[in-house]
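In our numbering, the protein residues as written are 270 to 476. C-beta atoms are modelled at their ideal positions from N, C-alpha and C, and glycine is treated no differently.
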Amino acid sequence: MKIKVCGMKYLDNIQALAQLPIHMMGLIFYAPSPRYVGNVEPRSLKILIPQSIAKVGVFVNETETNILSVAKAFDLQYLQLHGDESPQLCRSLQEKGYRIIKAFNVACENDLSNAATYEQACDYALFDTKTISHGGSGKQFDWQILKAYTANIPFVISGGIGENDAANIARFAHKQWIGIDLNSKFETEPGRKKIDILRKFIKEINI
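As structure tokens, this is what we get:
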């Protein structure tokens with residue numbers, strides 16, 4: 270199972286997280302977010318994050334030109350698109366060598382239907398709790414909704430996953446499910462993660 274930790278912004282915290290057995294680290298380049306990381310020096314992140322951890326840039330309704338500029342500067346491997354980005358934009362970014370995670374907000378089964386239009390345009394779907402904001406709500410949706418998911422895109426579950434969810438993760442099953450996205454439930458403040466709690470949780474779910 271792939272483990273992605275999102276919303277990192279403090280260099281000392283990033284350095285500590287990079288010592289844990291995670292697969293992806295999410296960096297938010299959406300200025301209204303309290304976890305915005307765009308003011309950090311790109312070279313610092315390149316030094317602190319090893320190649321074994323993929324760098325995921327999170328964008329919301331950004332232009333292709335700006336996405337590509339940030340992706341190059343920060344040496345991103347994945348682009349997570351968390352707004353109303355079209356399949357055409359996703360495919361165009363794929364063709365330029367980036368792996369694409371397309372986020373979908375979920376509250377009911379009908380919210381899953383849009384994913385099918387991205388089957389040729391993204392590498393992973395990410396299902397997050399539907400709110401008025403773009404992620405980071407700390408709220409969890411009913412994972413049983415995902416039983417109705419039939420698109421041919423592997424998916425990651427996001428939204429309000431916390432240290433008490435290990436049993437829920439162990440019970441959940443779907444042939445397209447490949448990982449989880451961890452964020453606000455493991456924070457002391459926006460952008461600063463509780464490393465010891467994350468270490469314990471990751472060990473627990475990997476047993």
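> Any idea what DSSP makes of T400, helix, strand or coil?
Replying inline: Reading the sequence shown from its first residue, position 131 is the one you call residue 400. Of the three classes helix, strand and coil, the one that applies to T400 here is coil, per DSSP.
>> Tell me the DSSP secondary structure of A372 in three-state form.
In response: Translated into positions along the sequence shown, residue 372 becomes position 103. Strand.
>> Which complete beta strand (DSSP E) runs does the segment 297 to 352 hold, if anything under 3 residues is left out?
In response: Along the length of the segment 297 to 352, whole beta strand (DSSP E) runs at least 3 residues long occupy 323 to 328, 347 to 350, reported in chain order.
>> On the criterion of 16 or more Cβ atoms from any shown chain inside 10 Å, does G366 qualify as buried, or is it exposed?
In response: Taking the sequence shown and counting its residues from 1, the one referred to as residue 366 is at position 97. The residue is exposed, with fewer than 16 neighbouring Cβ atoms inside 10 Å.
> Opposite R461 in the DSSP bridges: which residues?
Replying inline: As a working mapping, residue 461 is identified with position 192 in the sequence shown. Bridge partners of R461: E458.
>> Quick check on M270: buried or exposed, where buried means 16 or more other Cβ atoms within 10 Å of its Cβ?
In response: For the purposes of this step, residue 270 is identified with residue 1 of the sequence shown, where counting begins at 1. It counts as exposed.
> Buried or exposed: Q413, going by 16 or more other Cβ atoms within 10 Å of its Cβ?
Replying inline: Looking up residue 413 in the sequence shown gives position 144. That one is exposed.
>> Could you compute how far the alpha carbon of Y279 sits from the alpha carbon of L451?
In response: As a position in the sequence shown, residue 279 is number 10, starting the count at 1. As a position in the sequence shown, residue 451 is number 182, starting the count at 1. So the alpha carbons of these two residues sit roughly 16 angstroms apart.
> In terms of residues, what are the limits of the beta strand (DSSP E) holding L451?
Replying inline: For the purposes of this step, residue 451 is taken as the residue at position 182 of the sequence shown. L451 -> beta strand (DSSP E) spans 446 to 451.
>> Judging by CA-CA distance, which residue of K444, L337, D281, L317 is the nearest neighbour of P423?
In response: Taking the first residue of the sequence shown as position 1, residue 423 is located at position 154. If you compare the alpha carbons of K444, L337, D281, L317 with that of P423, the shortest gap goes to K444.
> Would G276 pass as a contact of R312 if the rule is Cβ separation under 9 angstroms?
Replying inline: Sequence index remark: in the sequence shown, residue 276 carries index 7 (1-based). Sequence index remark: in the sequence shown, residue 312 carries index 43 (1-based). Against a cut-off of 9 angstroms, the Cβ pair of R312 and G276 comes out as no contact.
>> Measuring straight from C-alpha to C-alpha, what distance separates F328 and T457?
In response: Against the sequence shown, residue 328 aligns to sequence position 59. Against the sequence shown, residue 457 aligns to sequence position 188. C-alpha separation (whole angstroms): 23 angstroms.
> Hey, P290 and I471 are a contact pair by Cβ (cut 8 angstroms); roughly how many whole angstroms apart?
Replying inline: Taking the first residue of the sequence shown as position 1, residue 290 is located at position 21. Taking the first residue of the sequence shown as position 1, residue 471 is located at position 202. Yes, they are in contact, since the Cβ atoms of P290 and I471 sit about 6 angstroms apart, within 8 angstroms.
>> Excluding the 5 residues flanking I322 on each side, which residues of the same chain have their C-beta closer than 8 angstroms to its C-beta?
In response: Taking the first residue of the sequence shown as position 1, residue 322 is located at position 53. The answer, listed in chain order, is A287, I291, H292, M293, M294.
>> With the cut-off set at 9 angstroms, would you say K324 and Y347 are in Cβ contact?
In response: Locating residue 324 in the sequence shown gives position 55, counting from the first residue. Locating residue 347 in the sequence shown gives position 78, counting from the first residue. The answer is yes: Cβ separation under 9 angstroms.
> Among A342, I466, S453, E378, which one has its Cα closest to the Cα of S302?
Replying inline: If you number the sequence shown from 1, residue 302 lands on position 33. Out of A342, I466, S453, E378, S453 has the C-alpha closest to the C-alpha of S302.
> Is the CB-CB distance between Q389 and A372 below 9 angstroms?
Replying inline: Taking the sequence shown and counting its residues from 1, one reaches residue 389 at position 120. Taking the sequence shown and counting its residues from 1, one reaches residue 372 at position 103. No, the pair does not count as a contact, with Cβ atoms beyond the cut-off.
>> Which of the three DSSP states is assigned to Y387 in this structure?
In response: On the sequence shown, position 118 is the one that residue 387 refers to. DSSP places Y387 in helix when its eight states are reduced to three.
>> Assuming contact is defined by CB atoms lying nearer than 9 angstroms, are V425 and L467 in contact in what I supplied?
In response: Translated into positions along the sequence shown, residue 425 becomes position 156. Translated into positions along the sequence shown, residue 467 becomes position 198. No, the Cβ-Cβ distance between V425 and L467 is not below 9 angstroms.
>> Do G352 and Y393 have their beta-carbon atoms positioned less than 9 angstroms apart in this structure?
In response: Along the sequence shown, read from residue 1 onward, the residue named residue 393 stands at position 124. Along the sequence shown, read from residue 1 onward, the residue named residue 352 stands at position 83. Contact flag unset, no.
> How many Å lie between F343 and A436 at the Cα?
Replying inline: Along the sequence shown, one-based indexing puts residue 343 at 74. Along the sequence shown, one-based indexing puts residue 436 at 167. Their backbone Cα atoms lie some 36 angstroms apart in a straight line.
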